[in-house]
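Here's the structure, in structure tokens; my notes come after.
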Amino acid sequence: MDLSFTHGLFGLMSAVCASLYAQNALLRNRNRDLTHNQTELERTSRTDPLTGLQNRATITVAPPGGTLVSGVVAVLDMDDFKRVNDELGHLAGDEVLREVGRLIRASVRGGDLAFRWGGDEFVLVLQNETEETATTRLLQIEARLEEFHLRGFGPLPMRVSWGVAEAHGSRLHDLVALADEQMYSMKRDRKRTRVQYTESNEPVTTHEARRRTQPGN
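Heads up: the sequence shown at position 161 corresponds to 141 in the numbering used here, and the numbers run straight through without jumps.
In structure tokens:
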């Protein structure tokens, strides 16, 4: 056999193998990029861009099957948030929501889920919590909001009303509805019991002020 032919054939095969190897490496890189892009798209589609929390659409598939075996669902709604938009502008309102999202993300634990339900309303799924322990955590969130500072504006104390519903193998949407009802009940009670001041500047609740105006008091 002609050695020059053998060497030529060997060189050709080596070149083909090198080309195939390079093409396979390129395909692997492209597949990796496609997988990364697909993962990023899925993450973006599940995430609220303003707060960084999961968006409302994802609550239909979380937890799996839409049923919470144990834990608590909490619905939070910011009090008088419209005032922020009206008096300080929507950019300030967005900054408040962004900071609330950061605070909620810092407050959740492993296994918990946090969603921006819409507007200034949020839903938390707190795994393996009771109504009592969940309330303690919500009070901590509110305490931090009361110390809120808005960049460029200074102190801006915020409050939230909330409701909780404890799960016993219940459907997630049913729990959200129950917690939402409790949240609005708290919001109504707070409006009824806002502090009023008498002529002597003694703080009284609305109920007490009403009692004082009744005959015989």
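We put the CB at the ideal spot given by N, CA and C, even for glycine. Bear in mind the structure is a predicted one, so any value in this text is a computation, not a measurement.
Residue j beta carbon less than 8 angstroms from that of residue i
{"i": "D100", "j": "M58", "result": "yes"}
{"i": "W142", "j": "L118", "result": "yes"}
{"i": "V144", "j": "T115", "result": "yes"}
{"i": "I121", "j": "L83", "result": "yes"}
Nearest-angstrom Cα separation, counted from residue j out to residue i
{"i": "N17", "j": "L7", "result": "Note that N17 scores 45 on pLDDT, short of 50, meaning its location in the model is unreliable and no value can be drawn from it."}
{"i": "D60", "j": "H148", "result": "33 angstroms"}
{"i": "E109", "j": "V103", "result": "15 angstroms"}
{"i": "T19", "j": "R85", "result": "With a pLDDT of only 43 at T19, under the threshold of 50, the placement of this residue in the model should not be trusted, and no figure is reported."}
{"i": "N4", "j": "A123", "result": "57 angstroms"}
{"i": "A(-5)", "j": "N35", "result": "52 angstroms"}
{"i": "M163", "j": "R151", "result": "18 angstroms"}
{"i": "R172", "j": "V140", "result": "16 angstroms"}
{"i": "A37", "j": "R170", "result": "30 angstroms"}
{"i": "G91", "j": "G69", "result": "36 angstroms"}
{"i": "M(-7)", "j": "R10", "result": "25 angstroms"}
{"i": "T15", "j": "A2", "result": "Residue placement at T15 is poorly supported in this model, since its pLDDT is 44, which falls under 50; the coordinates are not used for a value here."}
{"i": "G32", "j": "A(-2)", "result": "46 angstroms"}
{"i": "Q107", "j": "L0", "result": "51 angstroms"}
For residue i, the nearest candidate out of the options (CA to CA)
{"i": "N65", "options": "A54, L77, L56 and G143", "result": "L77"}
{"i": "L125", "options": "C(-3), R170 and L136", "result": "L136"}
{"i": "V156", "options": "S(-1), F133, A94 and T113", "result": "A94"}
{"i": "E161", "options": "L106, R26 and L56", "result": "L56"}
{"i": "T27", "options": "G81, S(-6), F128 and H153", "result": "G81"}
{"i": "M138", "options": "L71, K62 and D154", "result": "K62"}
{"i": "V53", "options": "L158, L33, S(-6) and C(-3)", "result": "L158"}
{"i": "L71", "options": "L106, G90 and L30", "result": "L30"}
{"i": "D154", "options": "R172, C(-3), G134 and V105", "result": "V105"}
{"i": "T113", "options": "G73, R168, G134 and G51", "result": "G51"}
{"i": "G73", "options": "Y1, S(-1), F133 and Q107", "result": "F133"}
Cβ-Cβ separation, residue j to residue i (assumed contact under 8 angstroms), whole Å
{"i": "R131", "j": "E75", "result": "7 angstroms"}
{"i": "E146", "j": "E111", "result": "5 angstroms"}
Just to confirm the assignment: which complete beta strand (DSSP E) runs, minimum length 3, are found wholly within the region 78 to 126? Residue ranges of uninterrupted beta strand (DSSP E) with 3 or more members, entirely inside the region 78 to 126 and ordered along the chain, are 93 to 98 and 101 to 107.
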